[in-house]
Every structure is written in C-alpha cells, then in structure tokens.
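To start, the structure itself, in structure tokens.
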Amino acid sequence: MKLLIARSNYFSYSETFIDEQIKQLQPHAVLYEGWQPSRLYDGGSIYPFPLNQLLVRGSLRRLFPDLYQKIYTYFLRKYLQKNQIDAFLANYGPLGTHISEACSAENIPFGIVFLGFDANEIKTLEDYGAKYAQVLPKAKAIIVVASAMKPTLEKICGPLPNLHVIPCGVDLNQFYPFKQKQKSTTFQLISVARFAAKKGSILSIKSFEILLKQFPDAQFNMVGDGPLWQEAKDYVASQHLEKNIHFLGAKSPAEYLPLLQAADAFIQHSIVTPSGDSEGTPVAILEASATGLAIVSTRHAGIPEAVIEEVTGILVDEHDVEAMGNALIRLASDAELCQQMGIAARKHMQEHYEVGKLSQSIKQLLS
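Quick note, the sequence shown lines up with residues 4 to 370 if you use this note's numbering.
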C-alpha cells in the first residue's frame, strides 16, 4: 500500500507519537506545514513555482482562503495521481478536513487521527465543527487516541461507525527499565512535558511542595519548555525551591531516557483549560510507564486508560493539588509500592500500548 501521511509540523518534540507513527508505517511520503500541508519531508513541494514560495502561498491563504483551498485541492489531486497514492492518513482533525476533498475526488481512502485539542478546544470546534460534520462520515477511518474524545465528535457528527479508539503507543525497545538501578536515599520525581496550561506544570510543582514538607531532600527534574516555562521558574524562585526543582529544558527521548530510568516516580497534572483544550493520551506517561515508573497523574482524557488506578499509579481529580501531594508522600514513604506499580506499569504497556501493534491496527483500517 502506497501510504501518504500528513502532519502540521516537520518536527515537534511534543509530537513523538507522530514521529513513531511515521517510523512504524514507512509511508511513501510525508507532507507537512500547517493545516494545508504542501512540503515534503524528502524536499520539494506539491506546488510548482511560485506557489512553492512561502510568501506567495501565505499571502494567498490569508487574503483569499476559499480560493487557496481550491488551489490546494487541485495540486494535491495532481500529486495523488502522479504518485499513485493508495491511502492518506492525516494527523489532527483540521488538517483532515483540508485534504478530504482531494481524496474524495480521487477515490482514495483517508483516515484522520484526532490527538486531543482538535476534538475538545472550543475555538477549534467553532472553526471546524461544521466541516467535521461534513467530512468525518466520508472518511475510511476516524481514529481517536482516547475513549473520552468519542462523545464530542459524535455529538457534532452523529453516530460514526467508522470511529475507532486506538491509543498512542510506545516503543518498548526504546523505553525500558534500567536493570541495575542504583538506590537513592532521596526520592526522585520527574516530569516530561511542555510548559503549557493543559499539562498543569505549576500544579505539579505545588503538589511537590507538599511532599517537601515531609521529604525535604526530594528532587524534581522537569524536562521540557514552552509558554509557561518562565512563569514556572519564577514561581520556584519565589518559593526558594531551586535546590529541589531543576528545569532541564527540552530534550530528545534519547537524552531524557536515563533521567526516567533514574527516577522513582513520574508526575503530570493534566487539566482541561478554560479554552477547552485537553489531552488525548499523553505519550510521556506511556514512556514513563514503559520505563517502569509509578505514575501520579489526574483523571483526565485517556490517562485513566493508560494508568490503572492503584495498580500502575495513583490518580487524583483535576486541580486537587493536596490529593496529588499526598499521593507523592505515599510513594515516597513506600519504596516497595513504587516498585510494584512500576513493574505493573511496564506490563500494562507491553499488553496494550506497544506501538508496532497499534500502528498496524491503523494501517489495516486504511487497507
């Protein structure tokens, strides 16, 4: 099968699921750049000169959006024809709506993967809800990464027999426990997340503060950057927590794997933001679970499916900082519980979240 995959960015360290999807499915080509992707991973564009120039297509898109969509559909159809594409997989709902017309015109089956905000954020649903209602029933497959996303889309579109729940996966050969982990006298906590509102980084910090009252030597490594990074740093400075909380910036999976392997537990306080933005299934939680870490997180989106409550981790309600702090105290007080949850977390990933199996499930839906 000659598969074409599309995504909005060439690369984003917070989109490791899409990177893994591409690696596993080995498509004929990958398109990227916004919701109307036209540039190719291997170089070049679906457009001839001068449309292959960003300034030209950017101006057209801004000034004449309807005309630009027609131009985009025309040249995307030509690309599909020339390369004899058999199936098209689009990452994110808005992108899927823009490629659908070309696929339908060429009778090429297409699938759309919804990853979180695209099925929840108020502004996105206002802008694209009507298009979802038109396009989603025509797709060969609609894929959501968490069961919680299904009701929202079916409220907009009606029943969708082509909708499937396939969570994000994790490469178990890339993320694994360190067999000879050295025991530390201090409790080691880690997070790997963008400093964005829905990730709840400052709420995680406040939960860690509660832990420090009983375990003043505990350490917290925070991997990632983002719009709220400076706000988080300022808060830590204002509370004089610099000796306990360490901002390590954005890192590649190969760089943060040793940090996961050295930690005792993983934390992420995911929340629904006032704008309606929400997670799908946070890949960092899957990676930490595969590495054999106990998880402390929230009952949010796909997290209760990825984290079996009281078996592979401890879940609390969104915004309940005190409950999350107490969960950390519980794990810091019981090394055996931490270890048991970590072992169970690894097993849960092996049984339900192995990325190769999940990627093949997507491929089969498009065949």
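Positions of the beta carbon are idealized from the N, C-alpha and C atoms, including for glycine. Fair warning: this is a prediction, and the values are worked out from it, not measured in the lab.
Of the candidates Gly-279, Ser-15, Thr-301, Leu-57, the residue whose Cα lies closest to the Cα of Ser-207 is Thr-301. Between Leu-139 and Val-147, the CB-CB gap reaches or exceeds 8 Å. Straight-line spacing of the CA atoms in Leu-334 and Ile-346 works out to 14 Å.
Excluding five sequence positions before and after Glu-124, the CB atoms of its chain that fall closer than 7 Å to its own CB belong to Ser-278, Gly-279, Asp-280, given in chain order.
Here Arg-333 carries a helix assignment [DSSP, helix/strand/coil]. The beta-carbon separation of Gly-316 and Ala-293, rounded to 13 Å, does not stay under the 8 Å limit for a contact. Residue Pro-154 holds the alpha-carbon nearest to the alpha-carbon of Phe-117 among Pro-154, Lys-81, Glu-104, Ser-107. Unbroken alpha helix (DSSP H) stretches of 4 residues or longer found wholly inside the region 9-63: 19-28, given in chain order.
Rounded to the nearest whole angstrom, the C-alpha separation of Ile-193 and Phe-178 is 15 Å. Cβ-Cβ distances below 6 Å link Tyr-13 to Tyr-35 in the same chain, with the five nearest sequence neighbours on each side left out; the list follows chain order. Closest by C-alpha distance to Lys-209, out of Gly-305, Gln-233, Val-324, is Val-324. In this structure, the straight-line span from the alpha carbon of Glu-339 to that of Ala-266 is close to 14 Å. A distance below 7 Å between beta-carbons, with the five flanking residues on each side excluded, links Arg-349 to the following residues of its chain, in chain order: Pro-180, Ser-292, Ala-293, Gly-295. At the C-beta level, Asn-247 and Gln-271 stay beyond 8 Å of one another. About 21 Å separates the beta carbon of Phe-190 from that of Gly-227, a gap too long to meet the 8 Å contact definition. Annotation: the continuous alpha helix (DSSP H) that includes Thr-76 extends over 68-85. Straight-line measurement puts the Cα of Pro-30 at about 28 Å from the Cα of Ala-136.
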